[in-house]
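For the sequence shown, my numbering gives the first residue as -3, with consecutive numbering after it. Glycine included, every Cβ here is placed at the ideal spot set by N, Cα and C. What follows is one structure encoded as C-alpha coordinates, with my remarks underneath.
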Amino acid sequence: MAEKRIYGITALFNDPDKITSTAKKVKEAGFTKWDVHSPYPLHGMEKAMGLKPSMLGVVTLIFGLSGAALALFFMWWTMSVDYPMVIGGKPFFALPAFIPVTFEVTVILATVSTVVAMFALFFQLPRNEFPLHDTDYMKKVSCDHFGILIEADDPKFNEAST
(Lines of atoms letter the chains of each structure in order from A and count residues from 1; the text may use other names and numbers.)
(Lines give C-alpha, C1' and ligand atoms only; values in the text may rest on other atoms or scores of the structure.)
Protein backbone atom coordinates (compact mmCIF):
# COMPACT_ATOMS: atom_id res chain seq x y z
CA MET A 1 0.00 0.00 0.00
CA ALA A 2 1.36 3.39 -0.98
CA GLU A 3 2.19 5.75 1.83
CA LYS A 4 0.03 8.88 1.88
CA ARG A 5 1.98 12.09 1.58
CA ILE A 6 0.53 15.33 2.89
CA TYR A 7 0.30 18.34 0.58
CA GLY A 8 0.52 20.91 3.35
CA ILE A 9 -1.03 22.33 6.49
CA THR A 10 -4.07 24.60 6.41
CA ALA A 11 -5.63 26.89 8.98
CA LEU A 12 -9.07 28.51 8.91
CA PHE A 13 -10.03 31.93 10.27
CA ASN A 14 -13.31 33.80 10.61
CA ASP A 15 -11.82 37.30 10.70
CA PRO A 16 -10.00 39.03 7.81
CA ASP A 17 -7.75 40.90 10.26
CA LYS A 18 -6.54 37.61 11.77
CA ILE A 19 -5.66 36.15 8.36
CA THR A 20 -3.77 39.33 7.44
CA SER A 21 -1.73 39.27 10.65
CA THR A 22 -1.10 35.53 10.23
CA ALA A 23 0.11 36.11 6.67
CA LYS A 24 2.61 38.67 7.99
CA LYS A 25 3.84 36.17 10.60
CA VAL A 26 4.21 33.37 8.02
CA LYS A 27 6.18 35.69 5.74
CA GLU A 28 8.41 36.80 8.65
CA ALA A 29 8.99 33.15 9.59
CA GLY A 30 10.63 32.67 6.19
CA PHE A 31 8.20 30.33 4.46
CA THR A 32 8.30 30.54 0.67
CA LYS A 33 5.62 28.10 -0.55
CA TRP A 34 2.39 29.28 1.00
CA ASP A 35 -0.83 30.96 -0.03
CA VAL A 36 -3.89 32.68 1.42
CA HIS A 37 -7.40 31.76 0.30
CA SER A 38 -10.34 34.10 0.75
CA PRO A 39 -13.93 34.35 -0.52
CA TYR A 40 -13.22 37.95 -1.62
CA PRO A 41 -10.17 40.20 -2.11
CA LEU A 42 -8.68 41.53 1.12
CA HIS A 43 -7.25 45.04 1.24
CA GLY A 44 -3.58 44.97 2.15
CA MET A 45 -3.08 41.23 1.65
CA GLU A 46 -0.52 41.73 -1.13
CA LYS A 47 1.62 43.79 1.24
CA ALA A 48 1.15 41.31 4.09
CA MET A 49 2.24 38.44 1.83
CA GLY A 50 5.13 40.42 0.36
CA LEU A 51 3.93 40.02 -3.21
CA LYS A 52 5.53 42.07 -5.98
CA PRO A 53 3.32 44.38 -8.06
CA SER A 54 1.74 42.77 -11.09
CA MET A 55 3.31 43.30 -14.51
CA LEU A 56 -0.08 43.03 -16.20
CA GLY A 57 -0.59 46.80 -16.34
CA VAL A 58 2.81 47.28 -17.96
CA VAL A 59 2.00 44.66 -20.61
CA THR A 60 -1.34 46.36 -21.31
CA LEU A 61 0.27 49.80 -21.56
CA ILE A 62 3.06 48.66 -23.88
CA PHE A 63 0.74 46.84 -26.26
CA GLY A 64 -1.87 49.62 -26.15
CA LEU A 65 0.71 52.26 -27.07
CA SER A 66 2.13 49.93 -29.72
CA GLY A 67 -1.36 49.53 -31.18
CA ALA A 68 -1.83 53.30 -31.34
CA ALA A 69 1.56 53.78 -33.00
CA LEU A 70 0.95 50.97 -35.51
CA ALA A 71 -2.51 52.27 -36.40
CA LEU A 72 -1.23 55.80 -36.94
CA PHE A 73 1.74 54.54 -38.95
CA PHE A 74 -0.39 52.37 -41.24
CA MET A 75 -2.91 55.16 -41.83
CA TRP A 76 -0.14 57.69 -42.48
CA TRP A 77 1.60 55.29 -44.87
CA THR A 78 -1.58 54.53 -46.75
CA MET A 79 -2.82 58.12 -47.05
CA SER A 80 0.52 59.91 -47.51
CA VAL A 81 2.93 57.52 -49.23
CA ASP A 82 1.21 54.51 -50.74
CA TYR A 83 -2.04 56.00 -52.04
CA PRO A 84 -2.03 59.80 -51.58
CA MET A 85 -5.32 61.47 -52.36
CA VAL A 86 -6.59 64.94 -51.60
CA ILE A 87 -10.06 64.44 -50.10
CA GLY A 88 -12.14 67.54 -49.46
CA GLY A 89 -9.06 69.78 -49.51
CA LYS A 90 -7.62 68.14 -46.38
CA PRO A 91 -3.93 67.35 -46.00
CA PHE A 92 -2.77 63.80 -46.64
CA PHE A 93 -2.44 63.09 -42.92
CA ALA A 94 -5.52 64.58 -41.25
CA LEU A 95 -5.19 63.41 -37.65
CA PRO A 96 -8.79 64.07 -36.46
CA ALA A 97 -10.11 61.61 -39.03
CA PHE A 98 -7.76 58.90 -37.75
CA ILE A 99 -8.61 59.20 -34.03
CA PRO A 100 -11.50 56.65 -33.97
CA VAL A 101 -9.50 53.96 -35.76
CA THR A 102 -6.45 54.64 -33.58
CA PHE A 103 -8.58 54.32 -30.45
CA GLU A 104 -10.13 51.04 -31.60
CA VAL A 105 -6.80 49.44 -32.50
CA THR A 106 -5.34 50.60 -29.16
CA VAL A 107 -8.21 49.03 -27.21
CA ILE A 108 -8.16 45.79 -29.20
CA LEU A 109 -4.40 45.24 -28.89
CA ALA A 110 -4.40 46.17 -25.19
CA THR A 111 -7.30 43.81 -24.47
CA VAL A 112 -5.92 40.85 -26.40
CA SER A 113 -2.45 41.28 -24.87
CA THR A 114 -3.96 41.45 -21.37
CA VAL A 115 -5.90 38.22 -21.86
CA VAL A 116 -2.88 36.42 -23.33
CA ALA A 117 -0.64 37.68 -20.51
CA MET A 118 -3.15 36.53 -17.88
CA PHE A 119 -3.23 33.03 -19.33
CA ALA A 120 0.55 32.88 -19.71
CA LEU A 121 1.63 34.51 -16.43
CA PHE A 122 -1.06 33.86 -13.86
CA PHE A 123 -3.23 30.89 -14.76
CA GLN A 124 -0.28 28.66 -15.67
CA LEU A 125 -2.41 26.68 -18.07
CA PRO A 126 -2.79 23.78 -18.80
CA ARG A 127 -2.03 22.99 -15.13
CA ASN A 128 -5.52 22.66 -13.69
CA GLU A 129 -5.17 20.11 -10.90
CA PHE A 130 -4.95 21.17 -7.27
CA PRO A 131 -4.82 18.62 -4.44
CA LEU A 132 -7.10 20.65 -2.15
CA HIS A 133 -9.71 21.44 -4.80
CA ASP A 134 -12.51 19.13 -3.61
CA THR A 135 -11.89 19.37 0.13
CA ASP A 136 -13.90 20.87 2.97
CA TYR A 137 -11.16 23.48 3.35
CA MET A 138 -11.80 24.86 -0.15
CA LYS A 139 -15.56 24.78 0.37
CA LYS A 140 -15.19 26.91 3.50
CA VAL A 141 -12.71 29.44 2.06
CA SER A 142 -14.93 29.81 -1.00
CA CYS A 143 -17.92 30.73 1.15
CA ASP A 144 -17.37 32.45 4.48
CA HIS A 145 -13.95 31.61 5.94
CA PHE A 146 -10.37 32.70 5.33
CA GLY A 147 -7.60 30.15 5.06
CA ILE A 148 -3.86 29.88 4.85
CA LEU A 149 -1.93 26.98 3.33
CA ILE A 150 1.73 26.15 3.94
CA GLU A 151 2.89 23.56 1.43
CA ALA A 152 4.92 20.52 2.49
CA ASP A 153 7.45 21.30 -0.29
CA ASP A 154 8.58 24.42 1.58
CA PRO A 155 12.16 24.08 2.87
CA LYS A 156 11.16 25.29 6.36
CA PHE A 157 8.14 22.97 6.58
CA ASN A 158 8.05 20.57 9.51
CA GLU A 159 4.83 18.65 10.10
CA ALA A 160 5.24 18.75 13.87
CA SER A 161 6.30 22.36 14.39
CA THR A 162 4.65 24.24 11.53
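In this structure, the alpha-carbon of S17 lies about 10 Å from that of M45. In the three-state scheme derived from DSSP, where H, G and I count as helix and E and B as strand, I146 is classed as strand. For L8, no alpha helix (DSSP H) run applies; the uninterrupted beta strand (DSSP E) run containing it begins and ends at G4 to F9, by DSSP. If you look at D31, you'll find it in the beta strand (DSSP E) that goes W30 to H33. Under the criterion of beta carbons closer than 8 Å, A148 and T98 do not qualify as touching, at roughly 52 Å. By the criterion of at least three beta-carbon pairs nearer than 8 Å, the segment 103 to 122 is not in contact with the segment 130 to 141. Closest in alpha carbon position to V111, among V55, P96 and A25, is V55.
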